[in-house]
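Residue numbers (full-length UniProt numbering): 1 to 223.
Reading through the C-alpha cells given below for one structure.
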C-alpha cells in the first residue's frame, strides 16, 4: 500500500478520493470538487490517500498550526475492511506530523479531531462501510488515546449556510497521555483559526466560543 499526498485537483487520484468521500460522508460534510483547489495547494494542509492496486482505498486530511503546535485531523476515510487501512493512515500521518513539528523546532503537543456521537446521531450509514461506523470509529479513537473535550460542541456546516451541525464531539489526542485538560485559550484560538474560512457561522457557534472564553481550562474526558 502506498501513502500519496495530493496537491492538485488535476491529480487523477483526487477524483477517486472525492468520489470516495461522497460515498461515505453526508452531503453537508463534503466540499464541492472545485473548492478543493486552494486547500490542496495550501502548504499548511496535507491531503493524503492510501493507494492499493491503483485504487484509492482510504484518505486523510490534516493540518499543523506551527504557532499553536497542534494538529487537526479533518477526516479519515477507510474505504474497505480487511486491509489495515486505518492503522496504515494513522501511522503515516503521525510520522509526518512528528517530522513537521520537528522541522518547526518542537515536539507535537497533540491533535484535534471531530467524532460523531452515535448515541445522539444514528442515521449516518457512511456508505455501509463497517470500519466507518461511528461506534467503531469512536472505539478506535479511544484506543489511539483521544479524549473528549468537556463542552457542548457546535460544528458550522461546511455548506457555509449558517446551519449548526450537532451530534459531534471535539476530541484531542495529547502526545503526553498524562494531560487531562487543555487551556481554554488554546481551544478558542484553534476553533477560530480552523473555521475562519467559513464566513457564515450559526449564533450557537459564537455562544460556544463565548462560553469557552470565560473558562481557564477544558477537561479531557474518556470517549
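Just so you know, even glycine gets a beta-carbon here, dropped at the ideal spot from N, CA and C.
If you're wondering where the values come from, they're calculated on a predicted model, not measured in any experiment.
Within the UniProt domain "N-acetyltransferase" (1–133), the complete beta strand (DSSP E) segments of 3 residues or longer fall at 2–5, 45–52, 55–65, 70–78, 110–116, listed in chain order.
DSSP lists 217 as the beta-bridge partner residues of residue 183. Distance from residue 220 to residue 182 at the Cβ level is roughly 7 Å; contact confirmed, criterion being Cβ atoms closer than 8 Å. The residue from 14, 25, 71 with its alpha-carbon nearest to that of residue 35 is 14. In this structure, residue 33 and residue 6 do not form a Cβ contact; the two beta carbons are roughly 13 Å apart against a cut-off of 8 Å. Looking at the DSSP output, residue 165 sits in a beta bridge with 155. Residue 97 and residue 207 have their alpha carbons spaced roughly 32 Å apart. In this structure, the beta-carbon distance from residue 172 to residue 147 falls below 8 Å.
In the DSSP assignment, residue 147 is bridged to 172. For residue 145, the CB contacts under 8 Å within the same chain, skipping 5 residues up- and downstream, are 173, 174, 177 in chain order. Taking all protein chains in view, the Cβ of residue 102 is surrounded by fewer than 16 other Cβ atoms within 10 Å, so the residue is classified as exposed.
The beta carbon of residue 21 is closer than 6 Å to those of 30 in its chain, skipping five residues each way along the sequence.
Inclusion of residue 50 and residue 3 in the CB contact set at 8 Å is warranted, their separation being smaller than that value.
Cβ-Cβ distances below 6 Å link residue 61 to 47, 74, 75 in the same chain, with the five nearest sequence neighbours on each side left out; the list follows chain order.
Within the same chain, Cβ atoms closer than 7 Å to the Cβ of residue 204 are found at 154, 164, the five residues on either side in sequence being excluded. Between the alpha carbons of residue 52 and residue 79 lies a gap of roughly 11 Å. Nearest neighbour of residue 167 by Cα position, chosen from 151, 160, 218, 187, turns out to be 151. Between residue 86 and residue 63, the CB-CB gap reaches or exceeds 8 Å. Taking the Cβ atoms as the reference, residue 105 lies roughly 15 Å from residue 70, outside the contact range of under 8 Å. Closest option to residue 12, judged by alpha-carbon separation, among 55, 93, 66: 55.
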